[in-house]
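J.: Right, I'll just put the structure down here and ask away after.
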């Protein structure tokens, strides 16, 4: 049921098609960003494996894991988002961001003093994987230019004209 019964139902199928296309574009964008992030993190792991320092490989693996911690919740939210209300979607995005930042910080604190894990390689893998994925996602979302689909309630203009005002 529409909260505005006087709104014509002819625009509903067109609006639903735009929303579905926007959802697909968002999902495709986050999956591409995930693929780019994982691919680049794998390249860093391969480069780290060629280094004589065994801590380099371990650090690159930890950084690649943190890349997944950063990117996977975003992908999950885009697939769950179409079932959520705007308020629950905002809470989910904020909550997932807080949890993944908490995990990244805890892992970095836990491994900072371990000599067997190279922290510069953690940073490099995290930087290359997660930041590249975020940049790809931002560029692709900006290129899709999803319209803000907000409809004013019917009769709003009429009510404003009769209230007078200052």
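Residue numbers (my numbering): 1 to 166. Where a beta carbon is used, it is the ideal one built from N, C-alpha and C, also for glycine.
Residue 117 by DSSP, collapsed to three states: which one?
T.: Coil at residue 117, not helix or strand.
J.: On the CB-based measure, 16 or more other CB atoms within 10 Å of its CB, does residue 142 come out buried or exposed?
T.: So residue 142 ends up on the exposed side.
J.: Going by other Cβ atoms of all chains shown within 10 Å of its Cβ, with 16 needed for buried, is residue 1 buried or exposed?
T.: Any answer about residue 1 is weak, because its pLDDT of 49 lies below 50 and its placement is not dependable; what the coordinates show is given next. The residue in question, residue 1, is exposed, as its Cβ has fewer than 16 Cβ neighbours within 10 Å.
J.: Cβ of residue 104 within 8 Å of Cβ of residue 69?
T.: In this structure, residue 69 lies closer than 8 Å to residue 104 by Cβ.
J.: What's the gap between the Cα of residue 38 and the Cα of residue 64?
T.: Approximately 7 Å between the Cα atoms of the pair.
J.: State the DSSP-derived secondary structure class of residue 143, mapped to helix, strand or coil.
T.: It is helical.
J.: Let me know the secondary structure DSSP gives residue 112 once reduced to three states.
T.: Looking at residue 112 - three-state DSSP - the assignment turns out to be coil, as it is neither helix nor strand.
J.: Among 24, 35, 112, 27, which residue has its Cα nearest to the Cα of residue 130?
T.: Nearest C-alpha to residue 130: 35.
J.: Who are the Cβ neighbours of residue 59 in its own chain at under 6 Å, not counting the five residues just before and after it?
T.: 117, 118, 121, 122, listed in sequence order.
J.: Whose C-beta lies closer than 7 Å to the C-beta of residue 27 among residues of the same chain, with five residues either side of it excluded?
T.: For residue 27, where only same-chain residues beyond five positions count, the Cβ hits under 7 Å are 78, 79.
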